[in-house]
Amino acid sequence: MTQFALSTIFSIRYRLLRYAPTNILLIRTHGRHGVRWFLLAVGLAAVFFYAAAISTTILNHDGPGWLNALVILFTWNGFKMLRIDPVTLVLRRYVRVTQPDRANADTIGEEAQTQYEVESMGATR
Numbered sequence: 273m274t275q276f277a278l279s280t281i282f283s284i285r286y287r288l289l290r291y292a293p294t295n296i297l298l299i300r301t302h303g304r305h306g307v308r309w310f311l312l313a314v315g316l317a318a319v320f321f322y323a324a325a326i327s328t329t330i331l332n333h334d335g336p337g338w339l340n341a342l343v344i345l346f347t348w349n350g351f352k353m354l355r356i357d358p359v360t361l362v363l364r365r366y367v368r369v370t371q372p373d374r375a376n377a378d379t380i381g382e383e384a385q386t387q388y389e390v391e392s393m394g395a396t397r
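Numbering-wise, our numbering comes out as the position in the sequence shown, counting from 1, plus 272.
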């Protein structure tokens with residue numbers, strides 16, 4: 273029973289990480305070319321909060337009840353986009369400090385170069 277529950281949870285998590293648009297954006301901001309996606313996330317946070325405000329206004333003027341679900345979804349995604357900003361800045365600073373420059377990588381020995389490539393791919397020892 274536990275194995276079934278865990279496999280179901282991991283399957284749902286995989287599908288959400290793979291296909292949900294905000295999660296795709298979250299993964300792309302942490303990649304190598306994440307700066308352009310980072311700027312998109314900043315703008316998208318404002319759009320999500322604006323959509324939540326519009327939905328709330330419609331609800332206050334006797335709108336349909338299912339808009340409550342949209343307000344929660346827009347607010348959740350807006351806060352997720354706001355969370356991306358400081359996390360991405362910290363990760364970029366960490367990578368810049370811990371990894372050597374590409375220009376200096378040519379002078380490193382072959383064994384050290386291989387170790388650098390393995391670590392930059394996210395593999396663990």
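Beta carbons are placed, not taken as given, at the ideal position from N, Cα and C, and that holds for glycine.
If you're wondering where the values come from, they're calculated on a predicted model, not measured in any experiment.
Quick one: using the 10 Å Cβ neighbour count with 16 as the cut-off for buried, is residue i buried or exposed?
i: S327; result: buried
i: L297; result: buried
i: I284; result: exposed
Under 8 Å between the Cβ atoms of residue i and residue j?
i: A324; j: T294; result: no
i: L339; j: I330; result: yes
i: I356; j: T301; result: yes
i: T320; j: T360; result: It should be pointed out that residue 320 corresponds to Phe in this sequence rather than to Thr. Contact flag unset, no.
CA-CA distance, residue i and residue j?
i: Y286; j: G350; result: 21 Å
i: R290; j: V362; result: 24 Å
i: R308; j: V314; result: 10 Å
i: S370; j: R364; result: Sequence check: residue 370 is Thr here, not Ser. In a straight line, the C-alpha of T370 is about 10 Å away from that of R364.
i: L288; j: I299; result: 12 Å
i: A277; j: A292; result: 22 Å
i: N332; j: P358; result: 34 Å
i: G337; j: L345; result: 14 Å
i: F282; j: L342; result: 25 Å
i: M353; j: Y322; result: 13 Å
i: Y366; j: L312; result: 22 Å
i: R368; j: T280; result: 37 Å
Taking 8 Å as the CB-CB limit, is residue i close to chain D?
i: P358; result: In the structure shown, chain D cannot be found, because there is only a single protein chain.
How far does the alpha helix (DSSP H) with residue i in it reach, from first residue to last?
i: D357; result: L339 to T370
i: A292; result: From DSSP, A292 is part of no alpha helix (DSSP H); its letter is neither H nor E.
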